[in-house]
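I have placed the structure first, in the form of structure tokens, so that the comments after it can refer back to it.
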Amino acid sequence: EDLAATVEALVPILSVGLHELVRQVTHHCAERGLALEKIWRAYVELFDRVLRQMRGSLQEQRRKTAATQRALQEVKARLREAKRRHPQDMQNAIKDIETSFMQRQQDQEQELKQALDENGALQRELRAHRRELEVWFPGFSFYQDSYIKSALPQRTTGLAQ
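Numbered by our numbering, the letters in the sequence shown go through residues 1 to 161 in order.
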């Protein structure tokens, strides 16, 4: 920006100085004055073109800088929001995991209780069957594995034909 202002300030001074130089040279030799005037106009045109390009580049760079600054501000805002939400999100995640774990633990405890209850019922039933067996066949435990057992015909568990 300072360079553009400096160039703009120098162009009128250079223009007046070169115009006066062209006028004096033209007074002595018209051909040389005409050539010097063409050179002078080419330089003025070149300075104007460079100045316009510099201004355009400067404006484009300012637009890019502004867009980058906006993007940076948006990212910073998202970061602040994420930092603000993070503890609550972590608490929610921990709470969800704890709830899920507690539910699974309760389900497992319930299954264990049912299995223990069923096991207890089966053990009571087994004791009752053993008592009945002892009532119907006293001393069965002594002769159940007798050598005569192998001589008895084997029963099939299927339906009789």
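All residues carry an ideal CB built from backbone N, CA and C; glycine is no exception.
CB residue i to CB residue j, shorter than 8 angstroms?
i    : j    : result
V7   : F47  : yes
A93  : L58  : no
L133 : F140 : yes
For residue i, which option in the options has the closest C-alpha, if you only look at C-alpha atoms?
i   : options                : result
V11 : Q24, A30 and V50       : V50
L18 : I39, Q103, C29 and H28 : I39
L14 : C29, E45, D2 and R130  : E45
Given residue i, which residues of its chain have a CB within under 8 angstroms of its CB, disregarding the five upstream and five downstream residues?
i   : result
T26 : R32, G33, L34, L36 and E37
K83 : none
Grab me the residues of residue i's own chain with a C-beta within less than 7 angstroms of its C-beta, minus the 5 sequence neighbours each way, in chain order.
i   : result
E98 : none
Within the 8 angstroms Cβ cut-off, does residue i reach chain C?
i   : result
R84 : Reference to chain C is not applicable here, since this structure consists of a single protein chain.
Ignoring anything shorter than 4 residues, give me the alpha helix (DSSP H) runs that lie fully in the segment 72-145, in order along the chain. 140-143
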